[in-house]
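Asks: Sharing a structure, written as structure tokens. Questions coming.
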Amino acid sequence: MRVHFLTEVHPSYFIQNHMLNRIPVLFILVLLTCGWNSAGQENNPLKEGAKACLRCHGEPVYTLINSFTDQSQKKMMNPYLIIDSVKFHQGVHRTFNCTDCHDSGYETYPHSADLKMMPMANCLDCHGGDDTYAKYQFERIDEEFIKSIHVQHVGDKFTCSSCHDQHYYQSVARNASSVQEIVDYNNEMCKDCHGSTAKYRLLTDKMQRPLNEIHDWLPNQQLHFDNVRCIECHTQVTDTLMVSHNILAKEQARKNCSECHSANSVLRASLYKYENLQSRSGKGTLNAVIQNESYIIGANQVPALKILSIIFLVLALAGIFTHSFFRFLKK
Amino acid sequence: MTTEKIYFYPVWLRIWHGFNALGILLLIITGISLHWSGDSPLISFKTSVLLHNISGIVVSVSYLLFFFGNLFTSNGFQYQVKAKGLAKRLMKQMRYYAYGMFRHEEPPFPLSEKRKFNPLQKYSYILVMYICLPILILSGLALMFPEVIIEKVYNFSGIFLTALLHSILGFMVSLFLIIHLYVASIGKNPLKNYRSIITGWHEMNH
């Protein structure tokens, strides 16, 4: 609730009107940081609009002017409205103005309370039907997503942003240098709701059971949690999409261990396909296996050792057979 | 021809051998199921994991019985290494298996209370029991608790290297088992040695 005798002002106003007496100090600071600024701007593609928003939303504390007392006042920012500017800067949408997705009314400060009710642009508003983004197959992702248990259960309330935080989104599956990076990034998305009661309750009134309890049937549970993505078992593998988006109902989740733990492991078509595409040739060769970051029983096979073991086994059996033959002959 | 019976294998040794034999057999079968778990594995992956872990623990505990039994009883003398003339002794025994026994020659190293194994048996047992099995047990325990394994050894996954070592040694022990079972059948009566590891009494033919 807003208090009428308080007038909140944008920080730029504060800087302009309350720091005039510090001009000489500022002037020196500007001179000193001049070189850094000009170099930094090249690597800092943030739009001016985004920078303005981050002055408040990038900090845990913001300043306003109380018009009644004419004094500046510091207030805590709502933690859910704080944007991590470093992570934002690493995300694919770093070149955006906040109002590219949020209502342009947010450019005015103080913000009107009604703005919260305004619908936001969704991903397909920008990415849909545009050849620039054709390779990302947003329409196909949308088709798969609509079939997912999330949409089936929650309906329209479940959107891309329920999993993907557009502020920080990175195309990890395409660009990560290690499988571990892909696993960590992806699983954080799932844990964001399935490991947090608050966010889970935003979407459903169902009681949430702890993840380790739900997966108590899974041997070496933590090892699986740390080294494969949740979607390895909870989606249907789609060869033509980088990441499967059809999250299955728990009854349909993969529970047959040998689907992953075998020479024809489905992980080759899911988690490991990125490495296969980027750096591996000749799947299953000693080098490919050794370069691997982890070991999957049944899936990591070394063909050279397999041949050697067959040779030794045949030699041993042939030796035994020949020896038995002569034993029988010379009895 | 007279038959003399010598008490060869004390109770503790036979208990160890029984547990070890059953455990190793299960480990081999479940190990193959895990490594080649495809569309039709011998035993399902999940059951194999459980059985492999249980039999691994059984073999590890029974190994302690073998190790301390040999450390504190006279049976340990059977495993003492004598480097001098080793190659010559091994060659002599190999010649007997490959040639002499077919010509009905007397064994070069007849068994007695003091010498329960011929040189080939003795050194293959030493190799398997004091080198292969301890490494297999340690690597197996490490794979059971993979968080203790070093993450990276240069560019290699620590778990992968441990699993590779475990599989290679597991295969060697499997080969040993096949040969061990065959060699045990050598003698006047093919079942004689199998009987003696159960009863403890070894029949000596004179």
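Going down the list, the sequences are from chains E and P. The opening residue of the first sequence carries number 957 in the numbering used here; numbering runs sequentially from there. The opening residue of the second sequence carries number 406 in the numbering used here; numbering runs sequentially from there. Heads up, the beta-carbon is just placed ideally off N, CA and C, and yes, glycines get one too. Predicted model, so just to flag it, every value in this text is computed and none were measured.
Are the C-beta of Val533(P) and some C-beta of chain E separated by less than 8 Å?
Replies: Sequence index remark: in the second sequence, residue 533(P) carries index 128 (1-based). Output row for Val533(P): interface = no.
Asks: Just reading off the beta strand (DSSP E) that Thr408(P) is part of, what are its end residues?
Replies: Sequence index remark: in the second sequence, residue 408(P) carries index 3 (1-based). 408 to 412 is the span of the beta strand (DSSP E), which, as asked, contains Thr408(P).
Asks: Figure out for me which residue from Pro415(P), Asn458(P), Ile420(P), Arg419(P) has the closest Cα to the Cα of Thr435(P).
Replies: In the second sequence, counting from the first residue as 1, residue 435(P) sits at position 30. Comparing Cα-Cα distances from Thr435(P) to each of Pro415(P), Asn458(P), Ile420(P), Arg419(P), the minimum goes to Asn458(P).
Asks: From which residue to which residue does the alpha helix (DSSP H) around Thr1278(E) run?
Replies: Taking the first residue of the first sequence as 1, we reach residue 1278(E) at position 322. 1259 to 1285 is the span of the alpha helix (DSSP H), which, as asked, contains Thr1278(E).
Asks: Only counting the same chain, and skipping five residues up and downstream in sequence, which positions put a Cβ closer than 8 Å to that of Ile448(P)?
Replies: By 1-based counting over the second sequence, the position of residue 448(P) is 43. So the list reads Ile434, Thr435, Ser438, Leu456, once near-sequence residues are dropped.
Asks: Strictly below 7 Å CB to CB, what residues from chain P border Tyr1251(E)?
Replies: For this step, residue 1251(E) is matched to residue 295 along the first sequence. Neighbours of Tyr1251(E) on chain P, chain order: Ser562, Ile564, Phe565, Ala568.
Asks: Since Val464(P) and Leu432(P) should fall inside the 8 Å C-beta cutoff, what is the C-beta to C-beta distance between them, to a whole number of angstroms?
Replies: As a working note, residue 464(P) is residue 59 in the second sequence. As a working note, residue 432(P) is residue 27 in the second sequence. Correct: roughly 7 Å between the Cβ atoms.
Asks: Are the segment 1016 to 1024 of chain E and the segment 1094 to 1105 of chain E in contact at 8 Å, needing three or more beta carbon pairs?
Replies: Cβ pair count under 8 Å is below three, so no.
Asks: Go to Thr1019(E), then tell me how far its beta strand (DSSP E) extends in each direction, as first and last residue.
Replies: Position 63 of the first sequence holds residue 1019(E). Its beta strand (DSSP E) spans residues 1017 to 1022.
Asks: Evaluate the contact criterion for the segment 530 to 549 of chain P versus the segment 586 to 598 of chain P: three or more CB pairs, one atom per stretch, below 8 Å.
Replies: At 8 Å Cβ cutoff, the stretches do not touch.
Asks: Apart from the five residues on each side of it in sequence, which residues of its chain come closer than 8 Å, Cβ to Cβ, to Lys924(E)?
Replies: What the structure shows of chain E is the stretch from 957 to 1287, and residue 924(E) is not part of that stretch, so it cannot be assessed.
Asks: Whole angstroms are fine: how far does the CA of Ile542(P) sit from the CA of Cys1186(E)?
Replies: For this step, residue 1186(E) is matched to residue 230 along the first sequence. For this step, residue 542(P) is matched to residue 137 along the second sequence. When rounded, the distance between both Cα atoms is 32 Å.
Asks: Report the residue from Ser1117(E), Leu1159(E), Lys1091(E), Pro1035(E) whose alpha carbon sits nearest the alpha carbon of Gly1111(E).
Replies: Sequence index remark: in the first sequence, residue 1111(E) carries index 155 (1-based). Taking only the C-alpha atoms, the option nearest Gly1111(E) is Leu1159(E).
Asks: If we require 3 or more residues per run, which beta strand (DSSP E) segments fall completely within the segment 494 to 575 of chain P?
Replies: Qualifying beta strand (DSSP E) stretches: none in this window.
Asks: Residues in its own chain within less than 8 Å of Phe514(P) by CB, not counting five upstream and five downstream?
Replies: Within the second sequence, the letter at position 109 stands for residue 514(P). Cβ within range, chain order: Arg494, Lys497, Gln498, Arg520, Asn523, Pro524.
Asks: Using 8 Å for Cβ pairs, my map puts Tyr530(P) next to Tyr484(P). What's the rounded Cβ distance?
Replies: In the second sequence, counting from the first residue as 1, residue 530(P) sits at position 125. In the second sequence, counting from the first residue as 1, residue 484(P) sits at position 79. Between Tyr484(P) and Tyr530(P) the Cβ distance is about 7 Å, and since that is below 8 Å, they are a contact.
Asks: What are the boundary residues of the alpha helix (DSSP H) that Lys1007(E) is part of?
Replies: Walking along the first sequence from the start, residue 1007(E) turns up at place 51. Where Lys1007(E) is concerned, the enclosing alpha helix (DSSP H) stretches over 1004 to 1013.
Asks: For a test of the three-state rule: what should DSSP assign to Thr604(P), helix, strand or coil?
Replies: Against the second sequence, residue 604(P) aligns to sequence position 199. In this structure, Thr604(P) counts as helix in the three-state DSSP scheme.
Asks: Alpha carbon to alpha carbon, how far is His1045(E) from Asn1034(E)? Give it in angstroms, no decimals.
Replies: Against the first sequence, residue 1034(E) aligns to sequence position 78. Against the first sequence, residue 1045(E) aligns to sequence position 89. Between Asn1034(E) and His1045(E), the C-alpha separation is close to 21 Å.
Asks: Going straight from the alpha carbon of Asp1140(E) to that of Ala1129(E), what length do you get?
Replies: Against the first sequence, residue 1140(E) aligns to sequence position 184. Against the first sequence, residue 1129(E) aligns to sequence position 173. Going by the C-alpha atoms only, they are around 11 Å apart.
Asks: So the beta strand (DSSP E) Lys593(P) belongs to, where does it begin and stop?
Replies: Sequence index remark: in the second sequence, residue 593(P) carries index 188 (1-based). Taken as a continuous stretch (DSSP letters only), Lys593(P) belongs to no beta strand (DSSP E), as it is neither H nor E.
Asks: Within the 8 Å Cβ cut-off, does His422(P) reach chain E?
Replies: On the second sequence, position 17 is the one that residue 422(P) refers to. No, because no Cβ of chain E sits closer than 8 Å to the Cβ of His422(P).
Asks: Would you say Leu1227(E) reaches chain P, if we count a Cβ-Cβ gap shorter than 8 Å as a contact?
Replies: For this step, residue 1227(E) is matched to residue 271 along the first sequence. Answer no: the Cβ-Cβ gap between Leu1227(E) and chain P never drops below 8 Å.
Asks: Could one say the Cβ of Ile584(P) lies closer than 8 Å to chain E's Cβ atoms, at least one of them?
Replies: Looking up residue 584(P) in the second sequence gives position 179. Output row for Ile584(P): interface = yes.
Asks: Can you list, in chain order, the residues of its chain with a C-beta nearer than 8 Å to that of Lys1043(E)? Leave out the 5 residues immediately preceding and following it.
Replies: One-based indexing of the first sequence puts residue 1043(E) at position 87. Only His1123, Tyr1124 meet the Cβ criterion.
Asks: Under 8 Å, Cβ to Cβ, is there at least one residue of chain P near Ala1006(E)?
Replies: Locating residue 1006(E) in the first sequence gives position 50, where the first residue counts as 1. Answer no: the Cβ-Cβ gap between Ala1006(E) and chain P never drops below 8 Å.
Asks: Using CA atoms only, rank isn't needed, just tell me which of Ala503(P), Leu427(P), Ile420(P) is closest to Ser1280(E).
Replies: For the purposes of this step, residue 1280(E) is taken as residue 324 along the first sequence, with counting starting at 1. For the residues Ala503(P), Leu427(P), Ile420(P), the minimum Cα distance to Ser1280(E) belongs to Ala503(P).
Asks: Taking all protein chains shown into account, do 16 or more other C-beta atoms lie within 10 angstroms of the C-beta of Val1107(E), making it buried, or fewer, making it exposed?
Replies: Here residue 1107(E) corresponds to residue number 151 of the first sequence, with the count starting at 1. Counting Cβ neighbours within 10 Å, Val1107(E) comes out buried, since at least 16 surround it.
Asks: So, do the segment 1062 to 1077 of chain E and the segment 1171 to 1188 of chain E have three or more beta carbon pairs nearer to each other than 8 Å?
Replies: Segments in contact, no.
Asks: Quick check on Ile1266(E) - is its C-beta less than 8 Å from some C-beta in chain P?
Replies: Sequence index remark: in the first sequence, residue 1266(E) carries index 310 (1-based). No - not a single Cβ of chain P is within 8 Å of the one on Ile1266(E).
Asks: Report the option in Tyr1062(E), Cys1189(E), Ala1154(E) whose CA atom is closest to the CA atom of Glu1207(E).
Replies: As a first step, residue 1207(E) must be located in the first sequence, where it is residue number 251. The residue with the shortest Cα to Cα distance from Glu1207(E) is Cys1189(E).
Asks: Spell out whether any CB of chain E is found under 8 Å from the CB atom of Lys451(P).
Replies: In the second sequence, counting from the first residue as 1, residue 451(P) sits at position 46. By this cut-off, Lys451(P) is an interface position.
Asks: What residues in the segment 1191 to 1208 of chain E have a beta carbon less than 9 Å from any beta carbon of chain P?
Replies: Residues: none.
Asks: Can you confirm whether the segment 1001 to 1012 of chain E touches the segment 1048 to 1063 of chain E when touching is taken to mean that 3 or more C-beta pairs between the two stretches lie within less than 8 Å?
Replies: Output reads yes: the segment 1001 to 1012 of chain E touches the segment 1048 to 1063 of chain E.
Asks: Strictly under 8 Å for the Cβ-Cβ distance: is Lys1286(E) near chain P by that measure?
Replies: Locating residue 1286(E) in the first sequence gives position 330, counting from the first residue. Yes, contact with chain P.
Asks: Is it the case that the Cβ atoms of Ser442(P) and Ser1214(E) are separated by a distance below 8 Å?
Replies: Residue 442(P) sits at position 37 when you count from the first residue of the second sequence. Residue 1214(E) sits at position 258 when you count from the first residue of the first sequence. In contact: Ser442(P) and Ser1214(E) (Cβ atoms closer than 8 Å).
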